[in-house]
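First the structure, in the form of structure tokens, and then the observations on it.
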């Protein structure tokens with residue numbers, strides 16, 4: 013009798029252990045459990061930890077509550093200014109209502125992926141190429157709003173949407189490169205023209221200063237010779253000032269009294285005899301009209 017009782021106790025314990033093993037469920041910290049009893053949602057959402065369910069009658073579904081990173085495949089479309097582009101993006105979302113994520117949509121990850129692709133195509137058609145390249149923050153906000161609106165009913169919250177890359181055709185890349193190069197060249201020419209204008213103003217001021225002081229031109233000529241000679245060149249080009257030619261021109265012009273112009277005292281103009289030579293010739297001259305010219309003592 014005692015032996016039969018012990019056998020019954022052991023059998024009961026084994027059955028209880030099997031029942032506990034079949035009904036024991038562990039929910040992790042980042043998960044929530046939704047209990048379906050005979051196909052219907054029963055009770056509240058099971059929190060992380062140990063949970064016991066009725067074997068063969070209850071089914072516990074675990075829903076991940078972490079933020080999910082969902083890459084959106086590259087979508088090809090035509091922008092509003094008729095440019096063909098390929099755009100890919102990434103969506104960050106998480107489940108906020110585990111019951112709705114399981115009951116109201118078959119596969120919430122697939123649903124969010126398809127909604128993201130459709131919204132991305134719509135954004136491409138509504139935007140210009142310049143907006144896709146430079147105004148991505150505003151496009152990200154619009155894309156997030158388009159995805160989050162239907163996802164709220166699925167128990168999913170979209171945290172952020174980012175456009176990763178915009179692929180352009182090779183012809184468009186070359187056109188943009190030529191445009192950027194032309195703009196750079198235009199700015200370079202404007203800068204060079206501005207520099208020439210400023211330099212011409214300074215040169216005009218320097219010319220006026222040298223005109224008032226002729227010795228400055230000679231000093232500048234000497235500085236130029238020193239600068240050229242420092243390069244160890246075999247040929248030295250010496251500029252000849254035009255003012256010196258003008259000075260020689262004025263020196264050759266005769267004066268009203270018959271003398272040479274601009275010459276120093278005691279010197280005759282080129283081609284004219286010396287005053288002492290003219291006096292000697294006058295003393296040695298023959299008689300004129302039968303009379304001899306008296307010699308000077």
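Residue numbers (my numbering): 13 to 309.
The C-beta atom is built at its ideal place from N, Cα and C for all residues, glycine as well.
Note on geometry: alpha-carbon atoms of residue 18 and residue 25 lie some 11 Å from one another. Here residue 159 has 127, 128, 131 and 170 as same chain residues with Cβ atoms under 6 Å from its own Cβ, once five neighbours each way along the sequence are excluded.
Contact between the region 102 to 119 and the region 37 to 49 is established, with three or more Cβ pairs separated by less than 8 Å.
Taking 3 residues as the shortest admissible run, the region 117 to 188 contains the following complete beta strand (DSSP E) segments, listed from N- to C-terminal end: 168 to 179. For residue 90, there is no enclosing alpha helix (DSSP H); the enclosing beta strand (DSSP E) has its first and last residue at 80 to 90. Under the 10 Å beta carbon count, residue 105 is surrounded by 16 or more other beta carbons and is classified as buried.
DSSP places residue 234 in the uninterrupted alpha helix (DSSP H) bounded by 227 to 241. The closest CA to that of residue 69, considering only 32, 50, 57 and 54, is found on 50. It is roughly 34 Å from the alpha-carbon of residue 236 to the alpha-carbon of residue 198. The three-state secondary structure of residue 76, taken from DSSP, is strand. Following the DSSP letters along the chain, one finds residue 103 inside the beta strand (DSSP E) bounded by residues 96 to 107.
Within 10 angstroms of the beta-carbon of residue 161 lie fewer than 16 other beta-carbons, which makes it exposed.
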